[in-house]
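Structure first, commentary second.
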Amino acid sequence: MPPFLRGRWGKLATIASTSEVYYSIFCWNVHQFRMRPPQILPAPLISS
Numbered sequence: 000m001p002p003f004l005r006g007r008w009g010k011l012a013t014i015a016s017t018s019e020v021y022y023s024i025f026c027w028n029v030h031q032f033r034m035r036p037p038q039i040l041p042a043p044l045i046s047s
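Going left to right, the sequence shown walks through residues 0 to 47 as numbering that gives the first Met the number 0 numbers them.
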């Protein structure tokens, strides 16, 4: 494989792996948020 193709594919693989990690973290956070009961605090009452 030529070096420029190897660099291009390496960059694509790095972008794909990092986006996959971010996507899994995002899905895990959404899952954790859904599992917990929503704690909605009245913000105007706290700020006043």
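Every residue, glycine too, gets a C-beta built ideally from N, C-alpha and C.
Worksheet entry | Cα-Cα separation between PHE25 and ALA12, rounded to whole angstroms | C-alpha separation (whole angstroms): 20 Å.
Worksheet item: Cα separation between ASN28 and ARG5?
Response: Cα-Cα distance, rounded: 34 Å.
Practice prompt. Give me the Cα-Cα distance between LYS10 and SER18, rounded to the nearest whole angstrom.
Written response: Here the alpha carbon of LYS10 sits roughly 12 Å from the alpha carbon of SER18.
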